[in-house]
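A.B. asks: Sharing a structure here in structure tokens format.
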Amino acid sequence: MANCLFGDEWYTCLTITGSKCTECIKHDSELSKKKLKQTKFKARPDKRMGSKFELKNHNANEALVNDVVNRMTPNSGAGKIKGDQEIKGIISVSEELKTQVAEKARGKKTFTIHKEWLDKLKRESQDREFYYLKFCFHESEDDVFVVVDQEIIMSMIKTMIEDRRKANNADHLIRLANLERDKAIAENNLLRAEKALLEEKLNDPSK
2 MANCLFGDEW YTCLTITGSK CTECIKHDSE LSKKKLKQTK FKARPDKRMG
52 SKFELKNHNA NEALVNDVVN RMTPNSGAGK IKGDQEIKGI ISVSEELKTQ
102 VAEKARGKKT FTIHKEWLDK LKRESQDREF YYLKFCFHES EDDVFVVVDQ
152 EIIMSMIKTM IEDRRKANNA DHLIRLANLE RDKAIAENNL LRAEKALLEE
202 KLNDPSK
């Protein structure tokens with residue numbers, strides 16, 4: 002299985018060089034082909050409760066994660082694929098979405114999270130790296146909140162720390178490489194100047 006030319010994880014090249022290597026470009030092409038095969042969803046949400054929220058969430062994910070396959074999945078019980086949204090590619094994520102339509106949520110300041118939702122999500126997401134439940138108080142609101150297992154949060158924090166450390170190390174290596182290049186250029190210029198000076202001394206017309 003091919004990987005990034007600069008590491009075991011895709012897009013390591015972006016961290017080290019600032020641009021994608023040939024393997025990652027090929028990987029992007031394959032993901033785009035898979036994405037085109039996904040069923041196109043309606044421009045308008047249907048009349049199911051929370052369908053507007055699902056579509057808004059899907060569009061938000063589309064704008065954020067453009068290097069992976071982001072797809073809405075069948076509503077609970079409508080198919081074999083579980084969860085309302087899945088993100089696949091460099092990471093594997095399952096999202097469960099819960100909300101209230103505006104008509105039923107008008108005037109309500111609370112939203113009940115049922116433990117059975119979380120248990121079901123955990124049970125059906127065993128093959129995912131991350132999973133969480135997203136909710137908003139009613140689907141017309143822009144504020145969205147997430148309920149996630151503590152172990153997943155700690156794993157995310159650990160991953161961010163490791164990624165930050167790798168990025169800092171890559172930046173350090175890039176700075177060293179740039180300084181080595183500048184040093185080589187300076188030394189080359191010095192040699193040229195010394196050569197020119199020596200030639201001028203040898204051509205002294207007074208001798």
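Residues in the sequence shown are numbered from 2 upward in steps of one, following this note's numbering.
We treat Cβ as the ideally placed atom computed from N, Cα and C, and that holds for glycine.
1. Is the distance from the Cβ of R129 to the Cβ of S93 below 7 Å?
2. State buried or exposed for K135, treating a residue as buried only when at least 16 other CB atoms are found within 10 Å of its CB.
3. By the three-class DSSP mapping on this structure, what secondary structure does L191 have?
4. Answer yes or no: do C137 and T100 have a C-beta to C-beta separation smaller than 7 Å?
5. Can you tell me which of the three DSSP states L98 falls into?
6. For E24 and K167, what's the separation of their Cα atoms in angstroms?
7. How big is the Cα-Cα spacing for E220 and D9?
8. With DSSP as the reference, label E87 as helix, strand or coil.
9. Express the C-alpha separation of D205 and T13 in angstroms, rounding to a whole number.
10. Could you give the DSSP three-state label for K135: helix, strand or coil?
11. Which word fits D120, buried or exposed, when buried means at least 16 other C-beta atoms lie within 10 angstroms of its C-beta?
12. Contact check, Y133 vs V147 under 8 Å by CB: the rounded distance?
13. Please report the residue range of the beta strand (DSSP E) in which F146 lies.
14. When burial is assigned at 16 or more other CB atoms within 10 Å of the CB, is H115 buried or exposed?
15. Could you check how far apart the C-beta atoms of A171 and I17 are, in whole angstroms? I think they sit under 8 Å.
16. Using only alpha-carbon positions, find the residue among L191, F7 and A187 that is nearest to C22.
17. Just curious, the alpha helix (DSSP H) that D120 is in, first and last residue?
18. Cα separation between E152 and L174?
19. Hey, W118 and E97 are a contact pair by Cβ (cut 8 Å); roughly how many whole angstroms apart?
C.D. replies: To lay it out plainly:
1. As a first step, residue 129 is located in the sequence shown; it is residue number 128 there, counting from the start. As a first step, residue 93 is located in the sequence shown; it is residue number 92 there, counting from the start. The answer is yes: Cβ separation under 7 Å.
2. On the sequence shown, position 134 is the one that residue 135 refers to. By the 10 Å Cβ count, K135 comes out buried.
3. Your numbering for residue 191 matches position 190 in the sequence shown. Helix.
4. Mapped onto the sequence shown, residue 137 falls at position 136. Mapped onto the sequence shown, residue 100 falls at position 99. Yes. Within cutoff.
5. Indexing the sequence shown from 1 puts residue 98 at position 97. Note: L98 maps to strand in three-state DSSP.
6. The residue you call residue 24 lines up with position 23 of the sequence shown. The residue you call residue 167 lines up with position 166 of the sequence shown. Roughly 20 Å between the two C-alpha positions.
7. Absent from the structure is residue 220, since the part of the chain shown begins at 2 and ends at 208.
8. Position 86 of the sequence shown holds residue 87. In the structure shown, E87 sits in a strand (DSSP, three-state: E or B).
9. Here residue 13 corresponds to residue number 12 of the sequence shown, with the count starting at 1. Here residue 205 corresponds to residue number 204 of the sequence shown, with the count starting at 1. If you take the alpha carbons of T13 and D205, they lie about 57 Å apart.
10. Taking the sequence shown and counting its residues from 1, the one referred to as residue 135 is at position 134. DSSP places K135 in strand when its eight states are reduced to three.
11. Here the question's residue 120 lines up with position 119 in the sequence shown. Burial call: exposed.
12. As a position in the sequence shown, residue 133 is number 132, starting the count at 1. As a position in the sequence shown, residue 147 is number 146, starting the count at 1. So it is a contact: roughly 5 Å between Cβ atoms.
13. Working through the sequence shown from its first residue, we reach residue 146 at position 145. F146 -> beta strand (DSSP E) spans F146 to V148.
14. For this step, residue 115 is matched to residue 114 along the sequence shown. So H115 counts as exposed.
15. Taking the first residue of the sequence shown as position 1, residue 171 is located at position 170. Taking the first residue of the sequence shown as position 1, residue 17 is located at position 16. The Cβ separation is near 5 Å, so the contact holds.
16. If you number the sequence shown from 1, residue 22 lands on position 21. Restricting attention to L191, F7 and A187, the CA atom closest to the CA of C22 is found in F7.
17. Walking along the sequence shown from the start, residue 120 turns up at place 119. K116 to E125 is the extent of the alpha helix (DSSP H) around D120.
18. Here residue 152 refers to the residue found at position 151 when the sequence shown is read from its first residue. Here residue 174 refers to the residue found at position 173 when the sequence shown is read from its first residue. The C-alpha of L174 is placed about 33 Å away from the C-alpha of E152.
19. As a first step, residue 118 must be located in the sequence shown, where it is residue number 117. As a first step, residue 97 must be located in the sequence shown, where it is residue number 96. Indeed, because the Cβ distance is near 7 Å, the residues count as touching under 8 Å.
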